[in-house]
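Written below as structure tokens is the structure these notes are about.
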């Protein structure tokens, strides 16, 4: 199972270092492909009211996954995102800030995005 922008089937490129395997574009003709079922974070997280943390390490498919989380953004308190494409750093910052997150870059490629805990009826949520 893979997480992507839309549900369906996707091509997963199996890399020599297995931890670097990743979803490829639909028209990819590379060797070492396997077909996998994909879902969205919205579908995966739909049963939950609140999510404390989502860790995102998807080998360059950050925006593909985030596109499938539009409905879930309101209930995800924080994200740990490993950014593989440094050219997309400002786009990621803007996207997360627009969705109400405070941002801390832990290093060049690791973003911690969080919302301040809300005080509700005298208790922290």
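In this note's numbering, the protein residues as written are 135 to 259. C-beta atoms are modelled at their ideal positions from N, C-alpha and C, and glycine is treated no differently. Values in this document were obtained by computation on a predicted structure and should not be read as measured data.
| task | Inspect the CB distances between the segment 137-152 and the segment 165-183 and report whether three or more fall short of 8 Å. | result | yes
| request: Give me the Cα-Cα distance between residue 203 and residue 210, rounded to the nearest whole angstrom. | output: 10 Å
| request: Let me know the secondary structure DSSP gives residue 183 once reduced to three states. | output: coil
| Nearest-angstrom beta carbon gap, residue 145 and residue 178 [assumed within contact, 8 Å] | That pair is no contact at about 20 Å.
| query | Under a three-way DSSP split, which group does residue 216 fall into? | reply | strand
| query | When the Cα of residue 194 is compared with those of 223, 217, 176, which residue comes out closest? | reply | 217
| message | Taking the beta strand (DSSP E) that residue 171 belongs to, which residues open and close that run? | response | 167-173
| What number of angstroms, rounded off, separates the C-alpha of residue 267 from the C-alpha of residue 240? | Here the chain covers residues 135 to 259 and nothing more, so residue 267 does not appear.
| request: Name the residue from 135, 226, 236 whose alpha carbon lies nearest to the alpha carbon of residue 197. | output: 226
| field | Start and end residues, alpha helix (DSSP H) containing residue 198 | value | 196-201
| query | Between which two residues does the beta strand (DSSP E) containing residue 232 stretch? | reply | Careful: residue 232 lies outside any beta strand (DSSP E), inside the alpha helix (DSSP H) at 223-232.
| said: According to DSSP, simplified to helix, strand and coil, what is residue 208? | reply: helix
| message | Could you check whether residue 215 and residue 190 sit closer than 7 Å to each other, using their CB atoms as the reference points? | response | yes
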